[in-house]
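**Student:** Sharing a structure with you now.
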Amino acid sequence: MLTLAEIMETIKMVQEENLDIRTITMGISLRNCADPDPRTACRKIYNKITRLASRLVAVGEEISREYGIPIVHKRISVTPISLIAECSHQEDYVEYALTLDAAAAAVGVNFIGGFSALVHKGFTGGDRVLINSIPAALAGTERVCASVNVATTGAGINMDAVYLMGRVIKETAARTAEQGGLGCAKLVVFSNVPEDNPFMAGAFHGIGEPECTINVGVSGPGVVKNAVARVGNADFGTLAETVKKTAFKITRMGELVGRLAAERLGVPFGIVDLSLAPTPAVGDSVAEILEAMGLERCGTHGTTAALALLNDAVKKGGAMASSYVGGLSGAFIPVSEDAGMIRAVEEGALSLDKLEAMTCVCSVGLDMIAVPGDTSAETIAAIIADEVAIGVINNKTTAVRIIPAPGKKVGDKVTFGGLLGEAPVMAVHPYSADNFVRRGGRIPAPIQSLTN
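Here my numbering is used: position 212 in the sequence shown is 274, and no number is missing along the way.
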């Protein structure tokens with residue numbers, strides 16, 4: 063039984079501290095939609111998505127009204143399209159992306175993820191077609207998100223895929239130049255990608271997932287920041303315990319909403335992703351949590367240690383609150399989506415190198431980073447290689463969502479609007495890595511992959 067104090071605490075979290083359910087994401091298997099005729103396949107895809115997700119938005123809004131909990135996004139993830147389209151022998155898969163976009167619009171969701179390929183050990187013909195279709199697909203759609211997994215701890219790093227993604231990102235930015243390279247904000251390159259991630263742009267419905275499921279992404283940086291501020295100069299043990307207890311409460315709310323949504327939609331409940339996902343709104347910043355711990359500015363010495371404490375405490379609290387924690391689950395550090403990160407970059411406290419160091423201990427990686435528009439494909443590929451190497455060696459998920467902003471230079475800003483925010487353009491190293499990324503082949507898996 064909830065006490066009055068607990069009810070009032072939750073109301074305060076929602077009204078004053080930006081607590082929300084960031085997303086309810088319906089995962090849908092499209093494996094029975096594959097067909098040699100692409101028109102038939104696309105018809106099956108559209109019909110299946112619109113049938114299963116027809117009530118997703120309505121149910122989310124219904125639960126939000128009943129419980130007074132904001133549910134910001136209702137989204138869909140699908141089986142990687144490279145697996146579904148491969149038997150059609152098409153020269154590009156843009157038609158499939160347009161079908162996903164139309165289905166997402168029909169049911170009222172703002173993003174649909176799964177224009178994806180898994181190439182960590184090599185390419186199939188369909189993988190290459192999908193990856194080469196990404197720039198046109200993202201330029202020609204509004205709601206479609208793409209992702210490519212180029213590395214795993216078990217397989218190593220597919221450097222051919224890394225280099226190819228550098229070129230794809232450059233082309234995607236060029237095709238969406240009038241929107242500041244917006245297409246790149248809907249494209250993620252992964253190592254060790256999870257199959258049940260509810261957050262965009264990296265969500266897809268993994269091949270080990272059921273026919274249909276509901277996954278929930280919670281959020282609450284503002285709640286955690288205020289809890290940290292309340293303990294003042296307490297020692298690190300007390301600080302970690304405070305974060306852990308706060309994460310427990312946030313996760314319990316997320317699981318409640320997820321199970322309600324799954325029950326009302328008649329599908330299984332999947333997981334709660336308990337990641338702290340910031341927004342550009344005031345007081346909804348992961349950087350400000352770190353500053354509340356005692357850092358003058360996010361990015362200074364001590365930032366990686368503070369983030370490690372935060373990420374670990376969030377995981378511990380969430381794991382105690384739910385037996386079904388999954389996805390990415392930790393703390394996100396997307397520069398353009400976090401007001402504190404933006405401020406730190408503008409003041410010179412936070413660099414690309416420091417962000418890379420921080421990704422060793424947090425959920426994802428280099429996220430929503432804007433770099434100069436003339437940054438080469440080889441440099442972008444080298445940045446990706448560095449980041450996925452961290453994931454491979456540490457057996458964790460890492461990712462890169464980078465925007466070479468057309469026509470922009472260091473110090474400029476590129477504005478995307480909404481939850482994507484605005485990104486200050488960050489400097490990259492002036493020295494070349496061209497000969498390194500052009501070697502080709504696969505960086506072998508590390509010795510710690512041999513666990514059997």
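From the three backbone atoms N, C-alpha and C, an ideal C-beta is built for every residue, glycine too.
Under 8 Å, do G435 and A467 count as touching if we go by C-beta distance?
**Tutor:** If you number the sequence shown from 1, residue 435 lands on position 373. If you number the sequence shown from 1, residue 467 lands on position 405. Yes.
**Student:** Nearest to A432 by CA position, among F478, E440, K106 and V171, is which residue?
**Tutor:** As a position in the sequence shown, residue 432 is number 370, starting the count at 1. Among F478, E440, K106 and V171, the Cα nearest to that of A432 belongs to F478.
**Student:** By how many angstroms is the C-alpha of T215 removed from the C-alpha of G184?
**Tutor:** Locating residue 184 in the sequence shown gives position 122, where the first residue counts as 1. Locating residue 215 in the sequence shown gives position 153, where the first residue counts as 1. Rounded to whole angstroms, G184 to T215 spans 14 Å at the Cα level.
**Student:** Tell me the DSSP bridge mates of E350?
**Tutor:** The residue labelled residue 350 in the question sits at position 288 within the sequence shown. Answer by DSSP bridge pairing: none, since E350 is not bridged.
**Student:** Spatial neighbours of L64 within its chain, please: CB distance less than 7 Å, with the 5 preceding and 5 following residues excluded, ordered by chain position.
**Tutor:** To locate residue 64, count along the sequence shown from 1; it is residue 2. Annotation note: pLDDT 45 at L64 (below 50); position unreliable, coordinate value reported separately. Contacts found: none.
**Student:** Please name the residue in C149, I138, V169 and L369 whose C-alpha comes closest to that of F177.
**Tutor:** By 1-based counting over the sequence shown, the position of residue 177 is 115. Of the listed residues, the one whose Cα sits closest to F177 is I138.
**Student:** Out of curiosity, what's the CA-to-CA distance linking R500 and D448?
**Tutor:** One-based indexing of the sequence shown puts residue 500 at position 438. One-based indexing of the sequence shown puts residue 448 at position 386. Their backbone Cα atoms lie some 15 Å apart in a straight line.
**Student:** For F298, report the span of its alpha helix (DSSP H) as first-last.
**Tutor:** Here residue 298 refers to the residue found at position 236 of the sequence shown. Here the alpha helix (DSSP H) through F298 covers F298 to L327.
**Student:** How would you label E128, buried or exposed, when you count the other beta carbons within 10 angstroms and need 16 or more for buried?
**Tutor:** To locate residue 128, count along the sequence shown from 1; it is residue 66. The residue is exposed, with fewer than 16 neighbouring Cβ atoms inside 10 Å.
**Student:** In terms of alpha-carbon separation, which member of L192, I83 and A217 lies closest to T513?
**Tutor:** For the purposes of this step, residue 513 is identified with residue 451 of the sequence shown, where counting begins at 1. The shortest C-alpha separation from T513 is found at A217.
**Student:** Closest to N373 by CA distance: which of R84, T308 and R117 is it?
**Tutor:** Within the sequence shown, residue 373 is the residue found at index 311, counting from 1. Ranking the options by Cα distance to N373, first place goes to T308.
**Student:** Here's a check: name, in chain order, each residue in its chain whose Cβ is nearer than 7 Å to the Cβ of H267, leaving out the five neighbours to either side.
**Tutor:** Sequence index remark: in the sequence shown, residue 267 carries index 205 (1-based). G89, I90, S91, S139, V140, T141 and G176, listed in sequence order.
**Student:** Applying the criterion that 16 or more other CB atoms from any shown protein chain within 10 Å of the CB defines a buried residue, is N259 buried or exposed?
**Tutor:** The count along the sequence shown starts at 1 and reaches residue 259 at position 197. Flag for N259 reads buried.
**Student:** Relative to the C-alpha of E153, which residue among V191, I133, A167 and E409 is closest?
**Tutor:** Your numbering for residue 153 matches position 91 in the sequence shown. Per the Cα distances, V191.
**Student:** If you check the beta carbons only, do R463 and L249 fall under 8 Å apart?
**Tutor:** For the purposes of this step, residue 463 is taken as residue 401 along the sequence shown, with counting starting at 1. For the purposes of this step, residue 249 is taken as residue 187 along the sequence shown, with counting starting at 1. Yes. Within cutoff.
**Student:** Taking the straight line between their C-alpha atoms, what separation do you get for M403 and L244?
**Tutor:** Residue 403 sits at position 341 when you count from the first residue of the sequence shown. Residue 244 sits at position 182 when you count from the first residue of the sequence shown. Using only the alpha carbons, I get a separation of about 19 Å.
**Student:** Run through DSSP, which three-state label would V387 get?
**Tutor:** To locate residue 387, count along the sequence shown from 1; it is residue 325. Reduced to three states, the DSSP call for V387 is strand.
**Student:** Who are M88's beta bridge partners in DSSP?
**Tutor:** Locating residue 88 in the sequence shown gives position 26, where the first residue counts as 1. M88 pairs with I138 and I276.
**Student:** Assign Y493 to buried or exposed, taking buried as 16 or more other Cβ atoms, counted over all protein chains shown, within 10 Å of its Cβ.
**Tutor:** As a position in the sequence shown, residue 493 is number 431, starting the count at 1. The residue is exposed, with fewer than 16 neighbouring Cβ atoms inside 10 Å.
**Student:** So does the region 224–240 actually touch the region 296–314, counting three or more Cβ pairs closer than 8 Å?
**Tutor:** no
**Student:** Do you know how far the Cα of V134 is from the Cα of G480?
**Tutor:** By 1-based counting over the sequence shown, the position of residue 480 is 418. By 1-based counting over the sequence shown, the position of residue 134 is 72. The straight-line gap from Cα to Cα measures roughly 12 Å.
**Student:** Where do the ends of the alpha helix (DSSP H) carrying L338 lie?
**Tutor:** Residue 338 sits at position 276 when you count from the first residue of the sequence shown. No alpha helix (DSSP H) contains L338, which DSSP labels as neither H nor E.
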